[in-house]
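Data block below; observations after.
Number of protein chains: 2
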Amino acid sequence: MTAHQTSRARGKMVNGFDPSKTDGLAPGTLQRIDRRADLLGPAYRLFYADPVTFTRASGVKMYDADGNDYLDAYNNVVSVGHCHPRVVAAVHEQMQTLCTHTRYLHDGILDFAENLLATYEPEIGHLMLTCTGSEANDLALRMAKYHTGNRGIIVTSEAYHGNSELTSGFSPSMGENSPLGAFVRRVPAPDTYRVDTADMGEWLAGEVARQIHDLKRRGEGLAAFICDSLFSSDGIFAHSEDILAPVAKVVREAGGLMIADEVQSGFGRSGSHMWGYQRHDLVPDIVTMGKPMGNGYPVAGVAMRPEVVADFGHDMRYFNTFGGNTVAVAAAAATLAVIQDEGLAANAETVGGILMDGLKDLAGRHDRIGDVRGAGLYIGVELVGDRETKTPDSRSALAIVNAMRKRRVLISATGFNANVLKIRPPLVFTTADADRFLTELDGALNDTA
Amino acid sequence: MTAHQTSRARGKMVNGFDPSKTDGLAPGTLQRIDRRADLLGPAYRLFYADPVTFTRASGVKMYDADGNDYLDAYNNVVSVGHCHPRVVAAVHEQMQTLCTHTRYLHDGILDFAENLLATYEPEIGHLMLTCTGSEANDLALRMAKYHTGNRGIIVTSEAYHGNSELTSGFSPSMGENSPLGAFVRRVPAPDTYRVDTADMGEWLAGEVARQIHDLKRRGEGLAAFICDSLFSSDGIFAHSEDILAPVAKVVREAGGLMIADEVQSGFGRSGSHMWGYQRHDLVPDIVTMGKPMGNGYPVAGVAMRPEVVADFGHDMRYFNTFGGNTVAVAAAAATLAVIQDEGLAANAETVGGILMDGLKDLAGRHDRIGDVRGAGLYIGVELVGDRETKTPDSRSALAIVNAMRKRRVLISATGFNANVLKIRPPLVFTTADADRFLTELDGALNDTA
Chain A
411 MTAHQTSRAR
421 GKMVNGFDPS
431 KTDGLAPGTL
441 QRIDRRADLL
451 GPAYRLFYAD
461 PVTFTRASGV
471 KMYDADGNDY
481 LDAYNNVVSV
491 GHCHPRVVAA
501 VHEQMQTLCT
511 HTRYLHDGIL
521 DFAENLLATY
531 EPEIGHLMLT
541 CTGSEANDLA
551 LRMAKYHTGN
561 RGIIVTSEAY
571 HGNSELTSGF
581 SPSMGENSPL
591 GAFVRRVPAP
601 DTYRVDTADM
611 GEWLAGEVAR
621 QIHDLKRRGE
631 GLAAFICDSL
641 FSSDGIFAHS
651 EDILAPVAKV
661 VREAGGLMIA
671 DEVQSGFGRS
681 GSHMWGYQRH
691 DLVPDIVTMG
701 KPMGNGYPVA
711 GVAMRPEVVA
721 DFGHDMRYFN
731 TFGGNTVAVA
741 AAAATLAVIQ
751 DEGLAANAET
761 VGGILMDGLK
771 DLAGRHDRIG
781 DVRGAGLYIG
791 VELVGDRETK
801 TPDSRSALAI
811 VNAMRKRRVL
821 ISATGFNANV
831 LKIRPPLVFT
841 TADADRFLTE
851 LDGALNDTA
Chain B
411 MTAHQTSRAR
421 GKMVNGFDPS
431 KTDGLAPGTL
441 QRIDRRADLL
451 GPAYRLFYAD
461 PVTFTRASGV
471 KMYDADGNDY
481 LDAYNNVVSV
491 GHCHPRVVAA
501 VHEQMQTLCT
511 HTRYLHDGIL
521 DFAENLLATY
531 EPEIGHLMLT
541 CTGSEANDLA
551 LRMAKYHTGN
561 RGIIVTSEAY
571 HGNSELTSGF
581 SPSMGENSPL
591 GAFVRRVPAP
601 DTYRVDTADM
611 GEWLAGEVAR
621 QIHDLKRRGE
631 GLAAFICDSL
641 FSSDGIFAHS
651 EDILAPVAKV
661 VREAGGLMIA
671 DEVQSGFGRS
681 GSHMWGYQRH
691 DLVPDIVTMG
701 KPMGNGYPVA
711 GVAMRPEVVA
721 DFGHDMRYFN
731 TFGGNTVAVA
741 AAAATLAVIQ
751 DEGLAANAET
761 VGGILMDGLK
771 DLAGRHDRIG
781 DVRGAGLYIG
791 VELVGDRETK
801 TPDSRSALAI
811 VNAMRKRRVL
821 ISATGFNANV
831 LKIRPPLVFT
841 TADADRFLTE
851 LDGALNDTA
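In structure tokens, the structure reads:
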């Protein structure tokens with residue numbers, strides 16, 4: 411271990427496995443962990459004190475090597491359910507037919523773009539495809555910088571927007587060792603549990619305006635404000651009223667763009683709308699999307715008002731070898747069709763509501779639950795040491811996440827203090843799944859009391 | 411059209427379709443081009459004066475809607491052949507079973523990493539997986555910067571290394587409107603056709619040393635030198651002798667890392683070796699790979715000496731939602747197995763040699779061919795106006811590429827002047843395919859004389 415390493419904390423990760431604590435792990439688990447460190451190196455992290463090996467999955471269930479089923483209340487990528495047959499078939503069919511890139515003509519990408527763009531307001535006119543949400547956010551910011559001529563970016567204080575050099579540079583949730591760009595400014599998240607304000611939109615706009623002022627006096631100017639409308643890594647905050655229109659006003663007055671990062675909140679996750687920002691009175695300049703877009707197939711995208719890409723597209727070009735290839739499009743088209751045909755946004759609304767009610771019931775019996783919040787099937791349960799002082803109870807959150815894993819229910823935690831349970835199942839979660847979830851969470855709260 | 415647009419040239423692309431020239435295009439083609447501009451916006455480019463619509467493909471053949479077959483001598487992504495049944499089956503099988511990320515344990519990624527790392531020198535100890543070559547190069551440079559504490563990057567003058575903010579910033583081939591980073595320095599490519607030197611390695615090392623000096627006096631220092639060992643976008647230069655060891659010497663003396671970008675030259679493409687850099691006396695610090703890795707499935711990676719990622723991995727972490735997911739690994743494992751089991755590097759060597767001989771024969775009959783060069787199945791044919799002055803003949807190159815498309819053979823062009831035919835077929839190209847190719851190229855040279 412170098413001096414460098416001893417003097418710095420290991421890069422934090424919520425619910426990360428600690429390789430110095432291997433007591434009691436099964437021999438097979440230990441052997442895989444060792445092999446993984448040998449082959450993949452030190453930058454990867456595993457979930458849970460006792461990492462899980464999965465061998466198959468279906469719907470909302472994942473199975474370990476012994477055939478035990480786990481209720482998946484965490485994985486938002488497989489949004490229409492693990493191994494959904496329609497997506498599997500669409501990919502298989504297209505892979506047997508043609509897998510090629512966007513420099514030849516193909517109807518698949520055009521039909522898909524038409525269907526996807528129809529889910530946005532008419533102002534959002536163009537779609538570009540990438541492979542990952544990181545690539546989508548990287549491209550969105552490149553465009554915003556080129557369009558505005560400015561460099562400054564404003565994010566929320568624990569935001570996560572990607573793993574590229576540019577996007578990790580405005581992802582403070584990557585931890586204290588991960589370099590932030592000099593062009594980045596942070597605002598506190600619109601925390602419905604702790605911020606005391608009669609008007610959260612005006613409050614947030616005021617915070618943003620202060621950072622715009624600072625960017626301007628440093629000569630950066632404002633390229634964009636970017637947020638995920640459920641503020642996932644800040645601790646999950648959903649707002650019953652519009653808070654983004656006042657922010658858009660100050661951002662646009664400063665010449666900046668509004669970017670809605672829908673990688674987490676998009677594709678029906680928030681229940682009432684296809685896109686999280688649509689819960690607000692806002693049409694963004696750029697929308698980015700990713701994770702659930704192909705139900706696990708690497709596909710992501712950027713949709714935008716045409717004026718934002720006009721000069722960028724004319725003066726330069728964008729090509730992504732795999733982005734928007736015929737198979738990626740087949741995966742994304744099938745996933746979108748399933749979300750629409752199976753009414754999964756409505757299901758997220760209904761089952762999410764049942765979960766929220768059940769969690770509020772649990773809060774009546776478990777004092778550590780300080781707050782229950784969310785929208786659709788993206789729910790946060792904040793654990794506190796004391797409901798008056800609202801002291802974050804990170805230890806409980808971690809203990810509960812691991813107790814749930816023992817009970818074979820998958821969740822994680824989020825927020826700066828990692829004291830917010832993150833509940834984010836595939837959108838095909840049923841009321842029976844919600845019942846099982848609530849029973850096990852009640853048990854896990856008792857286990858860890 | 412804005413003033414901005416009229417004052418700047420449209421972002422250049424070799425062999426790009428010019429939307430102002432639509433005379434004579436088929437109605438179906440025109441309709442798709444218009445629809446595409448409406449839906450996907452202005453940043454996408456199409457190949458050819460008469461863009462092609464493909465509907466299916468198999469092996470080295472692609473088919474248009476009328477059932478015409480095209481000989482694919484361009485697409486290196488589908489390296490083991492379009493729609494290879496073994497890759498299709500492996501992806502299908504895994505998609506039906508489990509598609510999940512690297513924060514759970516899974517044997518697939520470990521078995522694959524072991525097999526892939528076995529193709530490198532023992533010094534290359536770890537593998538990390540991303541979705542695209544751009545992500546691989548972005549991550550490689552992030553690591554190099556963190557490891558060395560320096561920012562400077564040296565590339566060849568027409569290099570291409572990716573489409574992210576960071577990687578497009580050191581990809582001068584993106585054109586004069588695309589911003590280059592202030593931390594980037596360029597060296598001329600080791601051009602075997604034009605550079606007059608008895609020792610290309612020492613010559614290149616001298617050029618690199620000059621740029622290191624400049625980076626140092628500007629306070630940047632050197633993080634890395636990165637090159638593709640076939641210098642694809644510079645015009646395709648293969649060297650029969652080692653030229654990279656002398657470069658590595660000056661780079662490492664300056665505290666920098668050697669990054670081999672194997673996105674183009676890797677996975678058997680160069681014929682004699684699995685990796686292009688292995689044609690030189692070099693073990694890189696970091697190797698990046700991409701395009702052909704999953705035969706079209708979005709998967710890419712970074713392999714490295716363990717010391718390079720030690721602090722980066724400890725202090726921070728890396729997670730890529732789709733990178734190294736179980737299906738991406740299944741695609742990559744099947745593709746690697748096919749390359750090895752079908753002896754495709756050896757086939758590239760053999761058929762590449764036949765193509766080279768045939769092209770040299772053509773040069774005997776066509777004065778415009780100034781130079782034929784390459785390795786394995788990556789071949790450049792440089793067109794010149796005059797063999798004495800070596801004036802680049804960009805017009806001929808473009809005319810030939812389009813004449814070949816009419817003859818239903820797919821190639822493109824490369825190099826600063828776009829006067830080098832780029833011949834880069836799937837590795838399953840046969841001697842019969844080479845014959846058809848040579849016949850058609852002879853014809854296209856006559857057509858355009």
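Residue numbers (our numbering), protein chains in the order written: chain A, 411 to 859; chain B, 411 to 859.
Yeah, the Cβ is synthetic: ideal placement off N, Cα and C, and Gly gets one too.
Just so we're clear, the structure is a prediction, and the values are computed from it rather than from any experiment.
- For Val-737/A, the secondary structure class from DSSP, reduced to helix, strand or coil, is helix.
- Scanning its chain for C-beta atoms nearer than 8 Å, with the 5 sequence neighbours on each side dropped, one finds around Arg-596/A the residues Ile-564, Val-565, Thr-566, Ser-567, Ala-569, Pro-582, Gln-621, in chain order.
- By the criterion of a C-beta distance shorter than 7 Å, Leu-576/A is surrounded in its chain by Asp-548, Leu-551, once the five residues flanking it on both sides are discounted.
- Using beta-carbon distances, Pro-532/A does not count as an interface residue toward chain B, since no partner is under 9 Å.
- For His-724/B, at least one C-beta of chain A is nearer than 9 Å to its own C-beta.
- Per the DSSP secondary-structure output, Cys-637/A pairs in a beta bridge with Ala-670/A.
- Taking 7 Å as the upper bound on Cβ-Cβ separation, chain A lies near residues Pro-716, Val-719, Ala-720 of the region 709–720 of chain B.
- Between the region 499–516 of chain A and the region 488–499 of chain B there are three or more inter-stretch CB-CB distances shorter than 8 Å, so the stretches are counted as touching.
- Between Gly-711/B and Ala-546/B the beta-carbon gap is near 6 Å, inside 8 Å, which marks them as a contact.
- Judged by their CB atoms, Val-661/B and Val-594/B are not nearer to each other than the 9 Å cut-off.
- When DSSP assignments are scanned along the region 658–718 of chain B, the uninterrupted stretches of beta strand (DSSP E) that are 3 or more residues long and fall wholly within it turn out to be 667–671, 696–699, 710–714.
- One alpha carbon belongs to Gly-421/B, the other to Gly-585/B, and they sit about 6 Å apart.
- Burial is judged here by how many other beta carbons sit within 10 angstroms of a residue's own beta carbon; Asn-573/B has at least 16 and is buried.
- Apart from sequence neighbours up to five positions away, the residues of its chain that approach Arg-455/A with a beta-carbon distance below 6 Å are Met-423, Gly-426, ordered along the chain.
- According to the DSSP assignment, Arg-815/B belongs to the alpha helix (DSSP H) that extends over 804–816.
- For Asp-845/B, the uninterrupted alpha helix (DSSP H) segment begins and ends at 841–857.
- In this structure, DSSP gives Val-748/B a helical state, which the three-state scheme calls helix.
- In the structure shown, Glu-503/A falls within a helical segment according to DSSP collapsed to helix, strand and coil.
- Legend: CB atoms of the region 503–526 of chain B lying less than 8 Å from CB atoms of chain A belong to residues Met-505, Gln-506, Thr-507, Leu-508, Cys-509, Thr-510, His-511, Thr-512, Arg-513, Tyr-514, Leu-515, His-516, Asp-517, Ile-519, Leu-520, Ala-523, Glu-524.
- Here DSSP, grouped into helix, strand and coil, assigns Val-565/A to strand.
- The closest CA to that of Tyr-484/A, considering only Thr-849/A, Asp-845/A, Met-814/A, is found on Met-814/A.
- A contact between stretches requires three or more CB pairs, one per stretch, nearer than 8 Å, and the region 683–693 of chain B meets this requirement with the region 524–534 of chain B.
- Shown here, Ser-468/B sits in a strand according to DSSP, grouped into three states.
- Thr-577/A sits in a helix when the DSSP states are folded into three classes.
- Separation of the CB atoms of Thr-858/B and Ala-809/B is rounded to 4 Å, and the pair is thereby assigned contact status at 8 Å.
- Taking C-beta atoms as the reference points, Ala-755/B and Arg-689/B fail to come closer than 9 Å.
- Nearest in C-alpha terms to Ala-499/B, of all of Leu-440/B, Ala-742/B, Asp-476/B, is Ala-742/B.
- Between Glu-630/A and chain B, the shortest Cβ-Cβ separation is not below 9 Å.
- For the set Ser-468/A, Met-684/A, Ser-578/A, the Cα lying nearest the Cα of Val-697/A is the one of Met-684/A.
- Taking a 10 Å sphere around the C-beta of Asp-601/A, we find 16 or more other C-beta atoms and assign the residue as buried.
- Per the C-alpha coordinates, the member of Glu-759/B, Ala-828/B, Gly-762/B, Leu-820/B positioned closest to Leu-793/B is Ala-828/B.
- Setting aside the 5 residues that flank it on each side, Pro-802/B is surrounded in the same chain by Asn-827, Asn-829, each with a C-beta closer than 6 Å to its C-beta; the list follows chain order.
- Not flagged as an interface residue toward chain B: Ile-821/A, since no C-beta distance is shorter than 9 Å.
- Contact check for Gly-678/B and Leu-640/B: beta-carbon distance about 13 Å, past the 8 Å limit, so the pair fails to qualify.
- In the three-state DSSP reduction, Leu-831/A falls in the strand class (E or B).
- Cβ-Cβ distances below 8 Å link Pro-708/B to Cys-541, Thr-542, Phe-732, Ala-738 in the same chain, with the five nearest sequence neighbours on each side left out; the list follows chain order.
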